[in-house]
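Chemist: Residue numbers (the numbering used here): 21 to 232.
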Ligand code: C5P
């Protein structure tokens, strides 16, 4: 079984993906990490983020062993990822990595921006997570402060809105819900509530299938 979770920055889709994967004993891929890793390679080299040839080369040399680097989670790398990920050539290189991950048994949860629309259009369950940008900014600010980073909530909100805009309006694989995705608005849910709502969606889809 493949579960696709898409949604904007700081919507909680990563945590949700991890928790759903643990619940079903599936593997989990936070696909944002891939784009962040490509961006970090360019940042480390002092390269221009719009240098497509370098970004493609970085995508071809992706090293999953480095996906746990905490620097990848920073806002600066996230912003840079949003720039490199707009390149169709970079996305193209990363498609097979993601599809191979999705295809391996016993099942997988992938979260990102285009999983239900481009990477796994035949996913068994698609969930599109949304939350009020103000709520997302609040959560992201608290997370950053918990890590000991200084964070200004107004700046975090401005960053989230800028990133949403860029992700939604790019020509290749824009952020949008697949027509058959189930919408999950977690603005007023805590993590446990969001996980329960997602499990309900998966179980409803499974039950519907079994009746066919
Ligand atoms: O989800 P996360 O904030 O880690 O993603 C960082 C950036 O990577 C996003 O703003 C988006 O531009 C890009 N991304 C993408 N497609 C994905 C996952 C992330 O374009 N499947």
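Backbone N, C-alpha and C fix where the C-beta goes; we use that ideal spot for every residue, glycine too.
1. I need the DSSP call for residue 208, collapsed to helix, strand or coil.
2. Excluding the 5 residues preceding and the 5 following residue 232 in the sequence, name in chain order all residues of the same chain whose CB lies nearer than 6 angstroms to its CB.
3. Can you list, in chain order, the residues of its chain whose CB lies under 7 angstroms from that of residue 146, leaving out five sequence neighbours each side?
4. Taking only runs that begin and end inside the stretch 105-190, name each unbroken beta strand (DSSP E) of 3 or more residues, in chain order.
5. I'd like to check one pair, residue 54 with residue 8: are the Cβ atoms closer than 8 angstroms?
6. Classify residue 232 as helix, strand or coil using the three-state DSSP reduction.
7. How is residue 50 classed by DSSP in three states: helix, strand or coil?
8. CB residue 171 to CB residue 165, shorter than 8 angstroms?
9. I'd like to know whether the C-beta atoms of residue 36 and residue 218 end up nearer to each other than 8 angstroms.
10. In three-state terms, what does DSSP make of residue 63?
11. Would you call residue 207 buried or exposed, if buried means 16 or more other Cβ atoms sit within 10 Å of its Cβ?
12. Ligand 1 and residue 51: does any heavy atom of the ligand fall closer than 7 angstroms to the residue's C-beta?
13. Could you check if residue 107 belongs to the surroundings of ligand 1, using beta carbon to heavy atom distance under 7 angstroms?
14. Determine contact between the stretch 171-189 and the stretch 90-102, defined as no fewer than three beta-carbon pairs at a distance below 8 angstroms.
15. Does the pairing of the stretch 73-81 with the stretch 37-50 give three or more beta-carbon distances under 8 angstroms?
16. Look at residue 193 and residue 134 and say whether their C-beta atoms are less than 8 angstroms apart.
17. When you compare the CB positions of residue 52 and residue 148, do they come within less than 8 angstroms of one another, or not?
18. Check whether the Cβ of residue 101 lies closer than 7 angstroms to any heavy atom of ligand 1, and answer yes or no.
19. Does residue 216 pass the burial test, meaning 16 or more other C-beta atoms within 10 Å, or should it be called exposed?
20. Quick one: what's got a C-beta closer than 8 angstroms to residue 213's C-beta in the same chain, skipping five residues either side?
Modeler: Let me lay it out:
1. Here residue 208 is taken as the residue at index 188 of the chain shown, counted from 1. Three-state result, residue 208: coil.
2. Within the chain shown, the letter at position 212 stands for residue 232. Here residue 232 scores only 49 on pLDDT, less than 50, and its place in the model should not be relied on; the value that follows carries that caveat. Around residue 232: no qualifying Cβ.
3. Residue mapping note: residue 146 aligns to position 126 of the chain shown, counting from 1. Here the set comprises 24, 136, 198, 200, 201 and 202.
4. 128-132 and 145-150
5. Outside the displayed span of the chain (21 to 232) sits residue 8, for which this structure offers no information.
6. The sequence position of residue 232 within the chain shown is 212, counting from 1. Annotation note: pLDDT 49 at residue 232 (below 50); position unreliable, no value reported.
7. As a working mapping, residue 50 is identified with position 30 in the chain shown. Here residue 50 sits in strand by DSSP.
8. As a working note, residue 171 is residue 151 in the chain shown. As a working note, residue 165 is residue 145 in the chain shown. Their beta carbons are under 8 angstroms apart, which means residue 171 touches residue 165 by this criterion.
9. Locating residue 36 in the chain shown gives position 16, counting from the first residue. Locating residue 218 in the chain shown gives position 198, counting from the first residue. Contact flag set, yes.
10. For the purposes of this step, residue 63 is taken as residue 43 along the chain shown, with counting starting at 1. Of the three classes helix, strand and coil, the one that applies to residue 63 here is helix, per DSSP.
11. Here residue 207 corresponds to residue number 187 of the chain shown, with the count starting at 1. Result: exposed.
12. Translated into positions along the chain shown, residue 51 becomes position 31. Correct: residue 51 has its Cβ closer than 7 angstroms to ligand 1.
13. By one-based count along the chain shown, residue 107 stands at place 87. No.
14. yes
15. no
16. Along the chain shown, one-based indexing puts residue 193 at 173. Along the chain shown, one-based indexing puts residue 134 at 114. Yes, the pair counts as a contact, with Cβ atoms nearer than the cut-off.
17. Counting from one through the chain shown, the residue named residue 52 turns up at place 32. Counting from one through the chain shown, the residue named residue 148 turns up at place 128. Against a cut-off of 8 angstroms, the Cβ pair of residue 148 and residue 52 comes out as no contact.
18. In the chain shown, counting from the first residue as 1, residue 101 sits at position 81. Indeed, a heavy atom of ligand 1 lies less than 7 angstroms from the Cβ.
19. Along the chain shown, read from residue 1 onward, the residue named residue 216 stands at position 196. Residue 216 should be labelled exposed.
20. Here residue 213 refers to the residue found at position 193 of the chain shown. Taken in chain order, the residues that qualify are 206.
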